[in-house]
Amino acid sequence: MILNVLDPIAVMGVIAGSVDLSSSLPQIVANIVRPCAAAHQCWARNALQLTANLLWAAYGAGRKDLVVMIFSIVGAIAAATLLVQTLRARKQNGLKP
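Residue 19 is where the sequence shown starts when you use this note's numbering, and the numbers rise one by one after that.
Next comes the structure, spelled out in structure tokens:
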């Protein structure tokens, strides 16, 4: 599994993965700055996103697709971070999951 940076499909995958991951970063930062805001986010969405990213990582491994594997693993980490932030904030604010 070697990433061919000259392959236009691989480049498109890297761009797509980067754009997808960049959508989670502002929310992670906002939750760090204002932890109480995370209490009102949907924890189930983050759990589903985590599950989907783990499934994509398994798919990428099965297909030996390094781009899919890398971005889905990093995406799973981002989704797990959002899930932990949301559940922790809900618990601290006395809300059910």
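Note that the Cβ used here is the ideal one computed from N, Cα and C, for glycine as well.
Exposed is the label assigned to residue 34, since fewer than 16 other Cβ atoms lie within 10 Å of its Cβ. Separation of the CB atoms of residue 103 and residue 70 is rounded to 18 Å, and the pair is thereby denied contact status at 8 Å. Exposure of residue 37 is indicated by the presence of fewer than 16 other C-beta atoms within 10 angstroms of its C-beta.
With contacts defined as CB atoms closer than 8 Å, residue 77 and residue 86 qualify as a contacting pair.
Three or more pairs of CB atoms, one per stretch, sit closer than 8 Å, so the region 59 to 74 contacts the region 87 to 103. In this structure, the alpha-carbon of residue 25 lies about 37 Å from that of residue 49.
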